[in-house]
Amino acid sequence: LKAEKIIFLTDVEGLMLEGRLVKKLDLSEAESLLGKVGAGMDKKLLASVEAIKGGVKEALITSGFIDKPLTKAIKHRVGTVITADQP
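Set out below in structure tokens:
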């Protein structure tokens, strides 16, 4: 992909761990969570990891049920941001 960002819209705020939203993860943190979250989120997490390994700068996972989800996600106001760098 020659994209800077990839956005996954879902029915929850983003990646949730122990009932709390995870706002930022780096690639190694995201990889360490594979297989440890629900099946639906695990697929989004895996797709995010693969996208970043393929050159995408950041992957965003957020709810599609909020007002202006794409704009808010791009501005890091909502959801989970996964990057190749440390958060």
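Heads up, the sequence shown is in this note's numbering, so the first residue is 546 and it goes up one at a time.
We treat Cβ as the ideally placed atom computed from N, Cα and C, and that holds for glycine.
None of the values given here were measured: they were computed from a predicted structure.
What distance in whole Å lies between the Cβ atoms of residue j and residue i, which are believed to be in contact at a cut-off of 8 Å?
{"i": "Leu605", "j": "Leu591", "result": "No, Leu605 and Leu591 are not in contact; Cβ-Cβ is about 15 Å, not under 8 Å."}
{"i": "Asp587", "j": "Ala629", "result": "Rounded, the Cβ-Cβ distance is 20 Å, inconsistent with contact."}
{"i": "Lys547", "j": "Glu603", "result": "With a Cβ gap of about 14 Å, Lys547 and Glu603 do not count as contacting."}
Among the options, which has the Cα closest to the Cα of residue i?
{"i": "Gly583", "options": "Leu562, Glu595, Lys569 and Lys598", "result": "Leu562"}
{"i": "Thr607", "options": "Glu558, Glu549 and Lys550", "result": "Glu558"}
{"i": "Gly600", "options": "Ile627, Phe610 and Gly564", "result": "Ile627"}
{"i": "Ser573", "options": "Gly624, Val594 and Thr625", "result": "Val594"}
{"i": "Gly585", "options": "Ile611, Glu576, Leu560 and Val623", "result": "Leu560"}
Hey, could you find the ends of the alpha helix (DSSP H) residue i is sitting in?
{"i": "Asp587", "result": "Ala584 to Lys598"}
{"i": "Ala575", "result": "Leu572 to Leu578"}
{"i": "Ile619", "result": "Pro614 to Ile619"}
DSSP puts residue i in a beta bridge; with which residues?
{"i": "Lys581", "result": "Answer is none; Lys581 lacks a bridge partner."}
{"i": "Arg565", "result": "Leu562"}
{"i": "Val601", "result": "According to DSSP, which records beta bridges pairwise, Val601 is partnered with nothing at all."}
Between which two residues does the beta strand (DSSP E) carrying residue i extend?
{"i": "Ile552", "result": "Lys550 to Thr555"}
{"i": "Ile611", "result": "It is not in any beta strand (DSSP E) - Ile611 carries neither H nor E in the DSSP assignment."}
{"i": "Val626", "result": "Thr625 to Thr628"}
(Q) So, does the segment 546–565 touch the segment 609–622, judging by three or more C-beta pairs under 8 Å? (A) yes
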